[in-house]
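In terms of the numbering used here, the sequence shown opens at residue 96 and continues consecutively.
Glycine included, each C-beta is placed from N, C-alpha and C at the ideal position.
Here the structure comes first, spelled out in structure tokens, and everything after it is commentary.
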Amino acid sequence: MEELSKVEGRGARVVVYLEVAARRTVSWRVSRDAELRIGNASVWLTRHRDPYDYWMQPGDVLRLVRGERVWLSSDCDHAVEVSVTSYRKARERPAWTRMFARFFPRSVNAI
């Protein structure tokens, strides 16, 4: 599996930590491509329109695609921590600002 940071470029990394309460289910729609990492206990994962469910162990990583709906549930007696990591694309400046930067390098960040 290709690492998400290489696919998305050199943008800022955004990590969101979630806690799945004991014997509860959490659901959300993925807003951008991301990697889901399982923390300290096993988690049951279901994806919309996927005929399979996944029993994920601590340390497992799963690639999530923008727009898909995901359900996570825990079977243990304590909360389970998971993290969702995504990368924001580096914003490319318009051509005129790159040309301007060549002549006035200190002024470019003000634009």
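Got a sec? Which residues, its chain only, sit under 6 Å from residue i by beta carbon, not counting five neighbours each side?
| i | result |
| --- | --- |
| L113 | V177 |
| V156 | E130, R132 |
| S168 | T120, W139 |
| T141 | D148, W166 |
Any idea if residue i is buried or exposed, counting beta-carbon neighbours within 10 angstroms, 16 or more meaning buried?
| i | result |
| --- | --- |
| L111 | According to the sequence shown, residue 111 is Val rather than Leu. It is exposed - the Cβ of V111 has fewer than 16 other Cβ atoms within 10 Å. |
| V109 | exposed |
| V115 | buried |
Of all the options the options, which has the alpha carbon lying nearest to the alpha carbon of residue i?
| i | options | result |
| --- | --- | --- |
| A129 | V115, A190, R164, F198 | R164 |
| R127 | H143, W150, S181 | S181 |
Going by DSSP, name the residue or residues bridged to residue i.
| i | result |
| --- | --- |
| V121 | L167 |
At the 9 Å Cβ level, is residue i part of the contact set with chain C, yes or no?
| i | result |
| --- | --- |
| A129 | Here chain C cannot be found, since the structure has a single protein chain. |
Near residue i, which residues of its chain fall below 8 Å by C-beta distance, leaving aside the five closest residues on each side in sequence?
| i | result |
| --- | --- |
| G134 | P153, V175, E176, V177, S178 |
| S122 | R164, V165, W166, L167 |
May I ask which residues mark the beginning and end of the beta strand (DSSP E) holding residue i?
| i | result |
| --- | --- |
| Y149 | 148-151 |
| S178 | 175-182 |
| A129 | 129-133 |
| V156 | 156-159 |
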